[in-house]
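**Student:**
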Amino acid sequence: MIDRDHDLSIVRQAKVLKLARSTVYYEPRPDSHVGPRATIGQSCILNTGCIVEHDCVVGDFSHVSVNATLAGRSRLGSFVFLGAGATIIGRCSVPDGTVCGAGAVVTRSLAVSGTYVGVPARLAKPSYQ
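For the sequence shown, this note's numbering begins at 1180 and goes up steadily by one.
1) Report, in whole angstroms, the separation of the C-beta atoms of residue 1247 and residue 1264, which I expect to be a contact under 8 Å.
2) Exposed or buried, which one is residue 1295 when buried takes at least 16 other CB atoms within 10 Å?
3) Between which residues of its own chain and residue 1261 is the CB-CB distance below 6 Å, once the five residues before and five after are set aside?
4) Which residues in the same chain have their Cβ closer than 6 Å to the Cβ of residue 1254, if we skip the five residues on either side of it in sequence?
5) Comparing C-alpha positions only, which one of 1290, 1283, 1227 and 1220 sits nearest to residue 1267?
6) Thinking C-alpha only, which one of 1259, 1289, 1288 and 1292 is nearest residue 1140?
7) Specify the secondary structure class of residue 1297 as computed by DSSP and reduced to three states.
8) Smallest Cα separation from residue 1230: which of 1218, 1249 and 1221?
9) Expressed to the nearest angstrom, what Euclidean distance is found between the alpha-carbon atoms of residue 1211 and residue 1225?
10) Is the Cβ-Cβ distance between residue 1305 and residue 1297 less than 7 Å?
11) Quick check: the Cα distance between residue 1218 and residue 1241, rounded to an integer number of angstroms?
12) Going straight from the alpha carbon of residue 1275 to that of residue 1251, what length do you get?
13) Residue 1307 to residue 1223, Cα distance in whole Å?
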């Protein structure tokens, strides 16, 4: 458990990773990776084998599942769920409250929140606010 009253910095391979309060980062395997200048929001889960590349932003309360990948400069909003093996291609944005199913590949920025599946990822069900 991470102290909820303090930000946490982890130094790994001479880079500094800033994690907000209550963030959980599982890294039991050497293929897990969070790149330089990545920003991880509050109460996020970064699961086993995930890759969050350089300059990515993961919004508050988001979940990056096993073997999911965010290529450089990708941006996840808050309350986003990336399923196992999902991939966000570099410089793409995913809006708040979006679910990307297992194995989905986001090849462009998504305009509306909802559930996306497939390769390339397509809207299967819009979110209702």
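All C-beta atoms, glycine included, are put in the ideal place defined by N, C-alpha and C.
**Tutor:** Taking the coordinates as given:
1) The residue you call residue 1247 lines up with position 68 of the sequence shown. The residue you call residue 1264 lines up with position 85 of the sequence shown. With a Cβ gap of about 6 Å, residue 1247 and residue 1264 count as contacting.
2) Counting from 1 along the sequence shown, the entry for residue 1295 is found at position 116. Its Cβ being crowded by 16 or more others within 10 Å, residue 1295 is buried.
3) Looking up residue 1261 in the sequence shown gives position 82. Cβ neighbours of residue 1261 beyond the five flanking positions: 1243, 1244, 1247 and 1279.
4) Numbered from its first residue, the sequence shown carries residue 1254 at position 75. Contacts found: 1236 and 1272.
5) As a working mapping, residue 1267 is identified with position 88 in the sequence shown. Of 1290, 1283, 1227 and 1220, the residue nearest in Cα terms is 1283.
6) Residue 1140 lies beyond the stretch modelled for the chain, which goes from 1180 to 1308, so this question has no answer here.
7) For the purposes of this step, residue 1297 is taken as the residue at position 118 of the sequence shown. The answer is coil: DSSP assigns residue 1297 none of H, G, I, E or B.
8) If you number the sequence shown from 1, residue 1230 lands on position 51. Among 1218, 1249 and 1221, the Cα nearest to that of residue 1230 is on 1249.
9) By 1-based counting over the sequence shown, the position of residue 1211 is 32. By 1-based counting over the sequence shown, the position of residue 1225 is 46. Spanning the two alpha carbons is a distance of roughly 9 Å.
10) Within the sequence shown, the letter at position 126 stands for residue 1305. Within the sequence shown, the letter at position 118 stands for residue 1297. Going by C-beta atoms, residue 1305 is not nearer than 7 Å to residue 1297.
11) Here residue 1218 refers to the residue found at position 39 of the sequence shown. Here residue 1241 refers to the residue found at position 62 of the sequence shown. Computed Cα separation, rounded: 12 Å.
12) For the purposes of this step, residue 1275 is identified with residue 96 of the sequence shown, where counting begins at 1. For the purposes of this step, residue 1251 is identified with residue 72 of the sequence shown, where counting begins at 1. So the alpha carbons of these two residues sit roughly 19 Å apart.
13) Start at 1 with the first residue of the sequence shown, and residue 1307 comes out as number 128. Start at 1 with the first residue of the sequence shown, and residue 1223 comes out as number 44. C-alpha separation (whole angstroms): 23 Å.
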